[in-house]
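Residue numbers (the working numbering), protein chains in the order written: chain A, 2 to 289; chain B, 220 to 788.
Using N, Cα and C, we set each Cβ at its ideal position, and we do this for glycine too.
Notes follow the structure.
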Amino acid sequence: MAKESTPKPKDDLITYAENTWCPGCGDFGILTSFKNAVKKLEERGTSRDRIVITAGIGCHGKIHDYLNLSGFYSLHGRSMATAQGMKLANPELKVVAFCGDGDAFGEGLEHMLFASKRNADITVIVHDNGVYGLTTGQFTPTSERGYRGPSTPFGSIEDPINPLVLMLEAGATFVARGFPGNQAQLTDIFVQAVEHEGFSFVDVLQPCVSFNNTYKKYNAVTEALQAPAKDLDEALSISRRTEKLPIGVIYNIERPVFHRALFGDKVPVRDRPTRETRHEAIRKILKV
Amino acid sequence: MIHFTKEAKIMKETFTYLVGGKAGEGVKKAGQVAARLFADMGRSAIEMDDYMSLIKGGHNFSIVSTAVREITSHYLKADLVVALDQRSLDMHKEHVTEDGVIVFNSDAAEADEGKKVIGLPLTTEAKKYPEPALRLGLGGPSVLAAAIGLDKDRLKALIEKEYARGVEDNLAYGLAIYDLAREKVGTRFQVEAGQAKPMPIVTGNEAIALGAAAAGLDMFFAYPMTPVSSILHYLAAKSKALDIAVVHPENELAVMNMAVGAAAMGARVMVSSSGGGFALMQEALSLAGMTETPVLCILGSRPGPSTGVPTYTSQGDLRFALNQGHGEFPRIVASPGNMVEAFHLAGELLGLAWRFQTPAILLTEKHLAEGSMTVELDPSEVKPAEGLMHKKSKGAYKRYLDTKDGVSPLLFPPSKELIKWDSYEHDELGVTTEDPKIITKMNDKRRRKAEALVEHVKRLRTVNIFGEGRAKGPVIFTYGSTTMSVLEAVRFGELQPTIVQPVYLDPFPVWELSRFKDRKALVVEQSSTGVFASLLKEKAGIEATWTFRRYDGRPFEPAELAAELKGVL
Chain A
2 MAKESTPKPK DDLITYAENT WCPGCGDFGI LTSFKNAVKK LEERGTSRDR IVITAGIGCH
62 GKIHDYLNLS GFYSLHGRSM ATAQGMKLAN PELKVVAFCG DGDAFGEGLE HMLFASKRNA
122 DITVIVHDNG VYGLTTGQFT PTSERGYRGP STPFGSIEDP INPLVLMLEA GATFVARGFP
182 GNQAQLTDIF VQAVEHEGFS FVDVLQPCVS FNNTYKKYNA VTEALQAPAK DLDEALSISR
242 RTEKLPIGVI YNIERPVFHR ALFGDKVPVR DRPTRETRHE AIRKILKV
Chain B
220 MIHFTKEAKI MKETFTYLVG GKAGEGVKKA GQVAARLFAD MGRSAIEMDD YMSLIKGGHN
280 FSIVSTAVRE ITSHYLKADL VVALDQRSLD MHKEHVTEDG VIVFNSDAAE ADEGKKVIGL
340 PLTTEAKKYP EPALRLGLGG PSVLAAAIGL DKDRLKALIE KEYARGVEDN LAYGLAIYDL
400 AREKVGTRFQ VEAGQAKPMP IVTGNEAIAL GAAAAGLDMF FAYPMTPVSS ILHYLAAKSK
460 ALDIAVVHPE NELAVMNMAV GAAAMGARVM VSSSGGGFAL MQEALSLAGM TETPVLCILG
520 SRPGPSTGVP TYTSQGDLRF ALNQGHGEFP RIVASPGNMV EAFHLAGELL GLAWRFQTPA
580 ILLTEKHLAE GSMTVELDPS EVKPAEGLMH KKSKGAYKRY LDTKDGVSPL LFPPSKELIK
640 WDSYEHDELG VTTEDPKIIT KMNDKRRRKA EALVEHVKRL RTVNIFGEGR AKGPVIFTYG
700 STTMSVLEAV RFGELQPTIV QPVYLDPFPV WELSRFKDRK ALVVEQSSTG VFASLLKEKA
760 GIEATWTFRR YDGRPFEPAE LAAELKGVL
């Protein structure tokens, strides 16, 4: 009896867009882990129509086209600002910004610092591969000293920044590091980050197979962190480790979020004053 | 000592008051209160503040001109000058009308006194109370009240309302100055009460904020920059009363990108800045064009290039406004000619941004933004800003559905439908594309949208024409706040030209302007190279035979402008 061929079930979290990432790219691991996280979030009560995404420009940004989720494909370095606007307009949405390391720590560093400072209730996932892949491999803010790329043919003469320390110092209330080599853990980090109320930052060590292949290195030096730090000092000290790179949730605290401090429980796109109420307020202001 | 009796009063149809002093002495407030005083008399009033880019010291002055008829510009020659320090006295002694008077602070300045120059010990009196420097400015309205014969109770009520902080000391000081001025200056001027009921006084910035609010503004994002910072201050102060979320982020890049993100989730948003800050918003303005996101942008000009002259006025950013954002997409640019028009235009532009899902720019200048005048504003005349919404019956949602007029229906999360906005060129669903056919199709869609926008704008009031009936004479073309100066100059000089003020600059209303092609064209603008004149020529084929340009940061003065116009009309 001929075996009936069952068509592969359609992946309802993926659009028809052709995936053009290089075979073996670390971005695939991020995509898979995020899809798994969306499914888990749904099981835990966050329906997928409430999860909206945004992305910067670069290899990472293509995730916006691939994920079958609503969102706004933003500019290089600005998706963190876009995400904050989205959240402020409708705080009932869970807003996730995908960024590259050039995006987050070069072009748009100020938005990262201020989103942390004001504890904007968004999630930022940085595809941190230490290279501008889509523009052919230049050094980025997280590239190692000595990195050779088309703009640094004799090796980078700058030290890399430490994104975790930077975000902790700026006031982020959730800081984690993940590695696509450990998808189960990365999925769990994403779930926690999205559920966290406040600014959640996930630095994903992402190998770039074409320009900065770090699979071997990260497989060797990463180690799972058992529990988040008890306080900021411990979180900073964990984040500064260089021999072994801890992966997992490093810091997770509660602090009032920006939109609630600004306008309480209001949802600006829903809780509008009526036209008459607004006009009455204007007349009152103009009253002599 | 000179005394004036009631018989000596000089009748004044238009009256101008100027108060000058150091920053921190309450000069601006002394102007505002004077404007309020005239408005309470049922007169129309306009105020212009000239101030330097510093916090304390320097020289600031405030001019208020008032008339029973409508008045649209201050005059530099004042009937009453109140000089709080030597610099003000030296600078403004030549700005006194023939029958006017300059009253100076004799504790801070020296001059030969006479009928036209009178000293009062403003500082000595102020020192009787704590924080004397803060009280000095109140000397202005107090002298004014005495000079126009306002009775003491009216002044008392005004001080109680306008100088409420430390009111007891303020009353004692103000009334003491009033008595001194009564004695030395006398009731010199007769300023008639007007017929109008007291009108509110608003700045251009306040009018813009309220107009957008009337149309349904939900959120406002801005980083401070003169001359539009006061939109941010005003809306922040009124955010609870108006129920508008006001956000002051880290820079203009965040401002515009946050605004675009908020609009894509369904919020009616507005941003504001001046040249330099607006330049930082350009990239995201182009983003709004590509993603078809409605954003109302306020561009308040000051003299450039670069940091330029921050607290003064200019119309040098016209081409900058018209060319905002890289790439080809529909833009809307319009500039109001006075505070009332600013109110209506802000609401109308928010509506157009939503109707056509594209950025709209309200271009204005420091002169209008920070100037203030008596106005009548009715919010119910402002239409609500509404966009075309997706209907469930129309099937699966496509953010960039290719429609006849290029306008795709809107839908906002949360929704079971997939809603994708994209800064890359995209297909109808909002997925990135490099397909030449789709690139062409989407450019055509945006172009058709621009064409539909022009047809729509044709039904709006895009041009103001004054003196239409003067069919054969010369036409003065002007726009923006310069319109106020031209109208007042024409009244002052009793001139009879036709004045044409395009309100819309993109789309440029050539359909309205073509009938003026054969008339002698004059242009008045605040630009050194004549950008408005060049736009008129380029778009409407109208070549000015004479242009009057001012580019020293100061607004036109109606008496001077009238003299210039007389020579060519």
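- About 12 angstroms separates the CB atoms of N324(B) and R354(B); that is not less than 8 angstroms, and the two are not in contact.
- The Cβ of L355(B) sits no closer than 7 angstroms to any Cβ of chain A.
- For G276(B), the enclosing beta strand (DSSP E) covers residues G276 to A286.
- Looking at the backbone, the Cα of R618(B) and that of L629(B) are separated by about 7 angstroms.
- Ranked by how close their Cα comes to the Cα of S599(B), the residues L287(A), F175(A) and E277(A) have E277(A) in first place.
- Annotation for W573(B): the continuous alpha helix (DSSP H) segment containing it runs M558 to F575.
- Listed along the chain, the chain A residues whose CB falls inside 8 angstroms of the CB of S599(B) are H280.
- Listed in chain order, the positions of the segment 436–449 of chain B with a beta carbon within less than 7 angstroms of a beta carbon of chain A are D437 and M438.
- Following the DSSP letters along the chain, one finds R768(B) inside the beta strand (DSSP E) bounded by residues W765 to R768.
- Interface annotation, N120(A): not in contact with chain B, CB-CB separation never under 7 angstroms.
- Taking 7 angstroms as the threshold, the shortest C-beta distance from T651(B) to chain A falls below it.
- Burial state of D259(B) is buried, judged by a 10 Å Cβ sphere holding 16 or more other Cβ atoms.
- Of all residues in the segment 69–88 of chain A, the ones placed with a Cβ closer than 7 angstroms to any Cβ belonging to chain B are N69, S71, G72, F73, Y74, S75, L76, R79, A82, T83, A84, Q85, G86 and M87, in chain order.
- Look at I283(A): its C-beta is under 7 angstroms from a C-beta on chain B.
- Chain order gives the chain A residues near D641(B) as Y74, where near means a beta carbon separation below 7 angstroms.
- Close partners of E111(A) in chain B (Cβ separation under 8 angstroms): E469, N470, L472 and A473.
- Taking C-beta atoms as the reference points, G393(B) and D304(B) fail to come closer than 7 angstroms.
- Contact with chain A is absent for K664(B), since none of that chain's Cβ atoms lies less than 7 angstroms from the residue's Cβ.
- For A90(A), the closest Cβ of chain B is nearer than 7 angstroms.
- The segment 125–139 of chain A makes contact with the segment 201–212 of chain A: 3 or more CB pairs, one atom from each, lie closer than 8 angstroms.
- Sequence-distant partners of T651(B) (beyond 5 residues in either direction) whose C-beta falls short of 8 angstroms from its own C-beta, in its chain, are D641, Y643, E644 and H645.
- Taking CB atoms only, V289(A) has a neighbour in chain B less than 7 angstroms away.
- 7 angstroms or more divides the Cβ of V552(B) from the Cβ of V514(B).
- Around the CB of H77(A), 16 or more other CB atoms lie within 10 Å, so the residue is classed as buried.
- Contact annotation: A588(B) and G508(B) have beta-carbon atoms that are not nearer than 7 angstroms.
- Shown here, W22(A) sits in coil according to DSSP, grouped into three states, outside any helix or strand.
- Per the C-alpha coordinates, the member of E19(A), N220(A) and K36(A) positioned closest to K63(A) is E19(A).
- For K457(B), the chain A residues whose C-beta falls within less than 7 angstroms of its own C-beta are I286, listed in chain order.
- With respect to the 7 angstroms criterion, N120(A) and R261(A) are not classified as neighbours on the basis of their beta carbons.
- Contact between A778(B) and Y294(B) holds, since their C-beta atoms are separated by about 6 angstroms, short of 8 angstroms.
- Cβ-Cβ separation between N91(A) and L14(A): approximately 21 angstroms, too far for a contact (criterion under 8 angstroms).
- At least 7 angstroms separates the CB of V125(A) from every CB of chain B.
- F631(B) reaches chain A at N91 and V270, counting residues in chain order whose Cβ is nearer than 8 angstroms.
- In terms of Cα proximity to T593(B), the closest of S281(B), P603(B), V421(B) and V386(B) is V421(B).
- Close CB contacts of M477(B) within its chain, under the 7 angstroms cut and outside five residues either way in sequence, are with F440, V466 and P468 (chain order).
- According to DSSP, L206(A) shares a beta bridge with D129(A).
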